[in-house]
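J.: Sharing a structure here in structure tokens format.
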Amino acid sequence: MNVPNSITLFRIILVPVMLYFLIEGENLSALIVFVVAALSDGLDGFFAKILNQKTRLGAFLDPIADKLLLSTSFIVLAVFGLAPTWLAIMVVSRDLLIITGIGILAWDNDFPAIQPTIDGKITTFLQVLTIGFLLSQQYIGSYQWLYHPLITSTGLFTAISGTRYMLIGFRLLGDGK
């Protein structure tokens, strides 16, 4: 197994660790694990590029790891009242839509090479930022005014990118590619 894929698997392993801390109400520990997991997302891509170790497994596992980390975080934060329920539902629905779409495309064809869109990257960034913000609320004090703009922009970009990926999927199905 190469370095980038090992880092991605490490991120997947961190999800239940973070989940444990969230359930136990240890938000600082959950925040630390979340930050390490989020940073590992950049590291696996960096190493894949500089070591020329991009693989089909990595292309498959990396988005799964991201969606697992973000969806799990939003679900638990919503259950504990730290994130709006509507946002958790939106994030999970978008992720399920993307994963289902890729599964359908892979079933019909070879594994599709769908490149992340700019709005998809912005969405992921905002979702990571939102989770970090929500986990650190008790430590940040005067930055509470960011809550509504951050939640709103995260919801908006989640909807925009989900719609775009759905349209890309329909186009690929229609093209037979």
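Numbering (our numbering) for the sequence shown: 116 to 292.
Where a beta carbon is used, it is the ideal one built from N, C-alpha and C, also for glycine.
Which of the three DSSP states, helix, strand or coil, is assigned to residue 166?
T.: For the purposes of this step, residue 166 is identified with residue 51 of the sequence shown, where counting begins at 1. Looking at residue 166 - three-state DSSP - the assignment turns out to be coil, as it is neither helix nor strand.
J.: So residue 301 is in the alpha helix (DSSP H); what residue range does that whole segment cover?
T.: Here the chain covers residues 116 to 292 and nothing more, so residue 301 does not appear.
J.: Do the segment 119-127 and the segment 168-179 touch if we need at least three Cβ pairs shorter than 8 Å?
T.: Yes, since at least three Cβ pairs between the segment 119-127 and the segment 168-179 fall closer than 8 Å, the two stretches touch.
J.: May I have the straight-line CA-CA distance separating residue 139 from residue 245, to the nearest angstrom?
T.: Taking the first residue of the sequence shown as position 1, residue 139 is located at position 24. Taking the first residue of the sequence shown as position 1, residue 245 is located at position 130. Their backbone Cα atoms lie some 20 Å apart in a straight line.
J.: Straight-line CA distance for residue 281 to residue 216?
T.: Within the sequence shown, numbered from 1, the residue matching residue 281 stands at position 166. Within the sequence shown, numbered from 1, the residue matching residue 216 stands at position 101. When rounded, the distance between both Cα atoms is 7 Å.
J.: With H, G and I counted as helix, E and B as strand and the rest as coil, what does DSSP make of residue 259?
T.: By 1-based counting over the sequence shown, the position of residue 259 is 144. Of the three classes helix, strand and coil, the one that applies to residue 259 here is helix, per DSSP.
J.: What span of residues does the alpha helix (DSSP H) with residue 195 cover, start to end?
T.: Position 80 of the sequence shown, counting from 1, holds the residue named residue 195. From DSSP, residue 195 is part of no alpha helix (DSSP H); its letter is neither H nor E.
J.: Whole-angstrom Cβ separation of residue 142 and residue 250, contact assumed at under 8 Å?
T.: Position 27 of the sequence shown holds residue 142. Position 135 of the sequence shown holds residue 250. Indeed, because the Cβ distance is near 5 Å, the residues count as touching under 8 Å.
J.: What three-state label does DSSP hand residue 251 in the structure shown?
T.: The residue you call residue 251 lines up with position 136 of the sequence shown. Residue 251 falls in the coil class under three-state DSSP.
J.: State the Cα-Cα distance for the pair residue 134 and residue 259, rounded to the nearest angstrom.
T.: Position 19 of the sequence shown, counting from 1, holds the residue named residue 134. Position 144 of the sequence shown, counting from 1, holds the residue named residue 259. Straight-line Cα distance between these residues: approximately 24 Å.
J.: When DSSP labels each residue in this structure, what does residue 231 get in the three-state scheme?
T.: As a working note, residue 231 is residue 116 in the sequence shown. Coil.
J.: Alpha carbon to alpha carbon, how far is residue 255 from residue 136?
T.: Counted from its first residue, the sequence shown places residue 255 at position 140. Counted from its first residue, the sequence shown places residue 136 at position 21. Going from the Cα of residue 255 to the Cα of residue 136 covers about 19 Å.
J.: Please confirm if the segment 195-210 is in contact with the segment 149-168, defined as three or more CB-CB distances below 8 Å between the two stretches.
T.: Verdict: no, contact absent.
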